[in-house]
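**Q** Pasting a structure below so you can have a look.
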Amino acid sequence: MEEVAKHNSLQDLWTVIDGRVYDLTKFQKLHPGGQHILLDVAGKDGTKAFYAFHKNEVLTKYFPRLCIGQVAEAKVGTMWNPVKRLVDTSTGKLIDINDPSISLTIEQLLAHPLLSHAPFGETAAYKKYYESPYYTVGHLRFRLACREFYDEIKEEAEAAEESQEYPSNEMFLKMGKRGILACKIGVMGMPFAKKYGIPLPGGIQPDDFDFFHELIIHEEHCRLGCPGYSDGLGAGYSIGLPPIINFYQGPRREEIIREVILGEKKVVLAITGPEAGSDVANHTTTAELSADGRSYTVRGVKKWITNGMFADYFVTAVRTGGKGLKGISLLLIEKDERVQVKQLTCSYSKSAGTALVMYEDHVCPADRIMGAVNGGFKCIMLNFNHERWMIAACILGFMRLVVGDCVMWLNQRQAFGKPLMDQPVLRFKLGQMCAAMEALQSYTDYVTFNMDKYYRRMKDDPKTWANRDYLAGEIGLLKYQTTRTAHEIADGGCQLMGGRACTRTGMGKHMERFNRVYKIFSIYGGSEEIMADLGVRQGLREWSPEDRLLSKM
């Protein structure tokens, strides 16, 4: 520190952060807070002052350019680590977590630099001495491989979130090549990953992939903390490709699936219309069959279609019959000059590509029907289960990110001469948030476990299980509980982080984004009221007449 102390002026300014020495002489003019505030830490240890205003990601950005060494007294174990990958301690080389030939222990995985060590920063399954009936070492490896991928694209994601740019075609191709897109549609994507030789994160084999792997990738996807950009990276894909896989038997089926799952083309689900909203059975976009029965003429408008601005295919709900749910069909519509899109400005970034989609006498071949004519409502409802569960998983991932931020903020921020974490009233508020989040995690894990079991039963005995949609109500209640919990997290987190939670940049940016967008998800995929009602109605439907007669207070 003696040498550092000599560099204590605006003309020659060094400081120490976490044991490393940074030369800020040239940088000071670019410092967002001005030059002279840096004089307070010139020639001194500025760690405490730095973390009062900044997150580690600032070090990630500037470390390569500004770090010139470390002080002799620094303890390596307490220093910020610029390397965010596993390192082989015997060779000093980075470990490729995606290489299936490399065996990794639970101890090695838990030491991964990208794994949060803050309380409640990760699911309780990774706590010391804890065990989980659901998660394996393979799940942890898969999670960390996904996190490495999203860490790799984070800088681009942050830039696009703020600039309102759509994800690039190159990004979709990268996601396709790395198996991210295949994983985002879950077990139904695995036969195609196997067929096309797509490697999966963590070196997992397609036959070993389960619903918990899909839960993990949705959590990690939204833990990116860029809600508009995250939705831009294939929210439409995750709900648009499954109906093609499950219900479409028309021309070019295999080709369409291949090009979409590899990121070469993009697909969206176009159900909601401005005239009906959640009332799916009464949408008015029409598809009129031609006299020769060879094509449909599609007229109408769809609204709030995520990724619609850059989609190539639109899985579209149309009216081919009379009024109500029995007149709804699904068509696979390919973009042309008679399918017009217009950007909508929503709460989050335009990176999501949320669109108004207008079908202006678009001619669609009749063999592009999905499922049966006038049988589209059932297909839509079956697809909703996966969509609603996915929404819950995504919110949970984002939620854990902001709760982790709150924990670290209370630990770092000094007020009245001590850390905010020393204030009992703030610990109580944090405890409320953590209890709600962990309860939601347990509920999500429970529903995910039963989804996995249901899938395997249906796969083994489709005749018995294909029409037993007993999870719709449970998933509806899960989505309801998720968005209610999100409300509690948004409210509590804003109170804990104060003004920073209302600022789009800096230490509270994730909290600001969460607070700005969380209500979107209480509407998308079915509003809270409809979700709660669905859960109750299905519960009543499963209550047999005999049991009703016997059930007396």
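Following full-length UniProt numbering, the numbering of the sequence shown begins with 1 at its first residue and continues without gaps. Here a beta-carbon is modelled for each residue, glycine too, at the ideal position from N, C-alpha and C. Only a predicted model underlies this, so the values are computations on that prediction, with no experimental measurement involved.
Thinking just about the alpha-carbon of each residue, which of 113, 105, 227 is nearest to the one in residue 514?
**A** Nearest C-alpha to residue 514: 227.
**Q** Distance, Cα to Cα, residue 43 vs residue 27?
**A** Those two C-alpha atoms are separated by around 15 Å.
**Q** Output the distance between the C-alpha atoms of residue 462 and residue 454, rounded to the nearest integer angstrom.
**A** The alpha-carbon atoms of residue 462 and residue 454 are separated by roughly 10 Å.
**Q** May I have a chain-ordered list of the beta strand (DSSP E) segments no shorter than 3 residues that lie completely inside the segment 290–351?
**A** Listed in chain order, they are 295–305, 313–319, 328–334, 339–343.
**Q** Taking residue 377 and residue 325 to be in contact with their CB atoms under 8 Å, please state how far apart those CB atoms are, rounded to whole angstroms.
**A** With a Cβ gap of about 4 Å, residue 377 and residue 325 count as contacting.
**Q** Taking 8 Å as the cut-off, decide whether the C-beta atoms of residue 539 and residue 473 are in contact.
**A** Yes, the pair counts as a contact, with Cβ atoms nearer than the cut-off.
**Q** Note down, in chain order, each residue of its chain lying with its Cβ closer than 6 Å to the Cβ of residue 119, except the 5 sequence neighbours on either side.
**A** Within the same chain, residue 119 has close Cβ partners 407.
**Q** Count the other CB atoms, across all protein chains shown, that sit within 10 Å of the CB of residue 279; report buried if there are 16 or more and exposed otherwise.
**A** That one is exposed.
**Q** Between the Cα of residue 45 and those of 81, 381, 3, spot the shortest distance and give me the residue it belongs to.
**A** Minimum Cα distance to residue 45 is reached at 3.
**Q** Which residue's Cα is closest to the Cα of residue 342: 368, 302, 334?
**A** Nearest C-alpha to residue 342: 302.
**Q** By the three-class DSSP mapping on this structure, what secondary structure does residue 110 have?
**A** DSSP places residue 110 in helix when its eight states are reduced to three.
**Q** Could you check if residue 518 is buried or exposed, using at least 16 other CB atoms within 10 Å of its CB as the buried criterion?
**A** Under this definition residue 518 is a buried residue.
**Q** Using only the alpha-carbon positions, how far apart do residue 505 and residue 358 sit?
**A** Each residue's alpha carbon lies about 36 Å from the other.
**Q** Please classify residue 167 as buried or exposed, where buried requires at least 16 neighbouring CB atoms within 10 angstroms.
**A** Residue 167 comes out buried.
**Q** In this structure, does DSSP put residue 414 in helix, strand or coil?
**A** Three-state DSSP puts residue 414 in a strand.
**Q** Would you say residue 333 and residue 348 are within 8 Å of each other, going by their C-beta atoms?
**A** Cβ atoms of residue 333 and residue 348: not closer than 8 Å.
**Q** When DSSP labels each residue in this structure, what does residue 419 get in the three-state scheme?
**A** The answer is strand: DSSP assigns residue 419 an E or B state.
**Q** Leaving aside the five residues before and after residue 521 along the sequence, list all residues of the same chain whose C-beta is less than 6 Å from its C-beta, in chain order.
**A** Cβ within range, chain order: 391, 395, 483.
**Q** Going by CA-CA distance only, name the one from 211, 238, 137, 133 that's closest to residue 175.
**A** Closest by alpha carbon: 238.
**Q** Do the CB positions of residue 366 and residue 289 come within less than 8 Å of each other?
**A** Closer than 8 Å, so yes.
**Q** If contacts are defined as beta-carbon pairs under 8 Å, then residue 209 and residue 187 qualify, I think. What distance do you get, rounded to the angstrom?
**A** Right, the Cβ-Cβ distance comes to about 6 Å (below 8 Å), so this counts as a contact.
**Q** Of the residues 16, 487, 478, which one's Cα is nearest the Cα of residue 531?
**A** Out of 16, 487, 478, 478 has the C-alpha closest to the C-alpha of residue 531.
**Q** On a Cα-Cα basis, can you pick out the residue from 126, 14, 87 that is closest to residue 71?
**A** For residue 71, the nearest C-alpha among the options comes from 14.
**Q** To the nearest angstrom, report how far apart residue 241 and residue 543 are at their CA atoms.
**A** Spanning the two alpha carbons is a distance of roughly 35 Å.
**Q** Do three or more CB pairs link the segment 96–105 to the segment 196–203 at distances below 8 Å?
**A** Segments in contact, yes.
**Q** Here's the rule: buried if 16 or more other CB atoms are within 10 angstroms of the residue's CB, otherwise exposed. What is residue 221?
**A** Residue 221 comes out buried.
**Q** What residues in its chain sit with their C-beta under 8 Å from that of residue 480, if we drop five residues either side in the sequence?
**A** Counting only Cβ-Cβ distances below 8 Å, and skipping sequence neighbours, we find 528, 531, 532, 535.
**Q** Expressed to the nearest angstrom, what Euclidean distance is found between the alpha-carbon atoms of residue 300 and residue 234?
**A** If I take the Cα positions, the gap works out to 24 Å.
**Q** Out of 427, 448, 340, point me to the one whose CA is closest to residue 387's CA.
**A** Measuring from the Cα of residue 387, the nearest candidate turns out to be 448.
**Q** Is residue 219 closer than 8 Å to residue 393 when the C-beta atoms are compared?
**A** Yes; because the gap between Cβ atoms is below 8 Å, this pair is in contact.
**Q** Would you grab the beta carbon distance between residue 317 and residue 283 for me? Rounded to a whole angstrom, and I think it's under 8 Å.
**A** Indeed, because the Cβ distance is near 6 Å, the residues count as touching under 8 Å.
**Q** Quick one: is residue 149 buried, meaning 16 or more other Cβ sit within 10 Å of its Cβ, or exposed?
**A** By the neighbour-count rule (16 or more Cβ atoms within 10 Å), residue 149 is buried.
**Q** Alpha carbons only, please: which of 121, 423, 205, 82 is nearest the one belonging to residue 141?
**A** For residue 141, the nearest C-alpha among the options comes from 205.
**Q** Any idea what DSSP makes of residue 287, helix, strand or coil?
**A** If DSSP states are grouped into helix, strand and coil, residue 287 belongs with the strands.
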